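Here is the structure we will look at, set down as structure tokens.
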Amino acid sequence: MKNLLYTRFWRLHFFAALFITPLLLSLTLSGIGYLFFTDVENQLYDDYFFGKNTKEEVLTIDEAVEKAEAAFAGYSTNKVIVLEEPYNTRLTLSNGKDEKYIFLDDNNQMVGNQDAQYTFSNIMRSIHSSLFMLCLPHNEYNKWMLL
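To convert, note that position 13 of the sequence shown is 77 in my numbering; the numbers rise steadily by one, no gaps.
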């Protein structure tokens with residue numbers, strides 16, 4: 065009787081570890097990635113965060129928003145985030161299902177744009193908030209993450 069209980073106990077622990085280990089690994093790695101996302105993004109998106117447009121014309125923020133919305137038909141501005149120096153201003157545009165980030169330099173000229181879904185921080189947040197990496201939708205940007 066004692067040997068049977070002992071065997072069941074260890075079998076239960078083995079299967080619990082087998083199922084919990086992938087979860088803990090994905091949470092640990094994505095948590096570490098998300099913890100340092102500002103440093104990683106400053107390196108990855110250096111041109112967007114700190115870059116300058118070659119145009120010298122100074123626009124108002126309203127003119128820059130109109131220009132951005134004209135450049136991306138169907139998108140409207142949700143947020144304008146004016147960050148401290150040396151970061152560029154970031155506009156968040158949405159069309160109902162997708163979001164884009166538009167970066168403006170000191171003259172409010174467009175420096176570049178990103179799909180919000182595929183930034184490093186949003187990918188890390190997506191992995192960290194899903195139970196397993198297998199839950200991510202398969203597409204060209206995250207196929208390397210699938211097991």
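Glycine included, each C-beta is placed from N, C-alpha and C at the ideal position. Since the model is a prediction, treat every value here as computed from it, not as a measurement.
DSSP three-state label for ASN106, please. Of the three classes helix, strand and coil, the one that applies to ASN106 here is helix, per DSSP.
Pull up the distance between the alpha-carbon of GLY138 and that of GLY160, whole angstroms please. Roughly 9 Å between the two C-alpha positions.
How big is the Cα-Cα spacing for HIS192 and GLU133? Answer to the nearest angstrom: the Cα atoms are 32 Å apart.
If we call anything under 7 Å between Cβ atoms a contact, is PHE136 one with ASN152? Against a cut-off of 7 Å, the Cβ pair of ASN152 and PHE136 comes out as no contact.
Closest by C-alpha distance to PRO150, when choosing among ALA180, VAL129, VAL104, LYS116: Cα-wise, what sits closest to PRO150 is LYS116.
Just the C-alpha distance for SER185 and VAL129, rounded to the nearest angstrom, thanks. Those two C-alpha atoms are separated by around 24 Å.
3-residue-minimum beta strand (DSSP E) runs that sit fully inside the stretch 124-177, ordered along the chain: Listed in chain order, they are 140-145, 153-158, 163-168.
For LEU155 and VAL146, which I take to be in contact (beta-carbon distance under 8 Å), what is that distance rounded to the nearest angstrom? Cβ-Cβ separation between LEU155 and VAL146: approximately 10 Å, too far for a contact (criterion under 8 Å).
With DSSP as the reference, identify every bridge partner of ASP179, one or two as the case may be. Bridge partners of ASP179: LYS164.
Please report the distance separating the alpha-carbon of PHE79 from that of PHE73. When rounded, the distance between both Cα atoms is 10 Å.
Proximity of ASN122 and ASN177 at Cβ, strictly below 7 Å: Note that residue 122 is Val in the sequence shown, not Asn. With respect to the 7 Å criterion, VAL122 and ASN177 are not classified as neighbours on the basis of their beta carbons.
Check PHE100 in the structure and name its three-state DSSP category. Three-state result, PHE100: coil.
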